[in-house]
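Contents: one structure, followed by commentary.
Numbering (our numbering), first residue to last: 67 to 211.
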């Protein structure tokens, strides 16, 4: 299980995979502000979904991405608050959407995860196996010179 902000980093998904994860699970609380335009809201949602699906593809693992729905006021009064965009989903090992919730109501999603299919996907798409780990030392640096 990786929490919220971890979902934006491919390294976290890869480390979980290398440690033997069968499924990547991302409980999160992400949304938009009333001041965001419809176009900006859609860009943010699309980026979030794309990122999670890419974790599935790059690691050959199903991904469960769980998000809040509804509005939470800002108790500090600095801004109105945040609208959590929901859209929780289950993606298969090739990034395909197996189940998706809506953006307005709490739901329980059900989907079948076939672990034998995960193995088959890793055989036909060997991205995890074929990594060039001999060239990854710079990943341990904040920036490369």
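For glycine and all other residues, C-beta sits at the position ideal for the given N, C-alpha and C.
May I have the straight-line CA-CA distance separating residue i from residue j, to the nearest angstrom?
i           : j           : result
residue 104 : residue 154 : 19 Å
residue 190 : residue 106 : 36 Å
residue 205 : residue 76  : 11 Å
residue 85  : residue 127 : 13 Å
residue 70  : residue 211 : 30 Å
residue 163 : residue 199 : 30 Å
residue 195 : residue 83  : 12 Å
residue 213 : residue 183 : No answer is possible for residue 213: the residues shown for the chain start at 67 and end at 211.
residue 68  : residue 91  : 6 Å
residue 129 : residue 101 : 30 Å
residue 138 : residue 175 : 23 Å
Can you tell me whether residue i is helix, strand or coil according to DSSP?
i           : result
residue 93  : strand
residue 129 : strand
residue 87  : coil
residue 111 : helix
residue 98  : strand
residue 71  : helix
residue 187 : helix
residue 170 : coil
residue 82  : helix
Classify residue i: buried if its beta carbon has 16 or more other beta carbons within 10 angstroms, exposed otherwise.
i           : result
residue 187 : buried
residue 81  : exposed
residue 152 : buried
residue 181 : exposed
residue 119 : buried
DSSP puts residue i in a beta bridge; with which residues?
i           : result
residue 151 : 135
residue 156 : 130, 165
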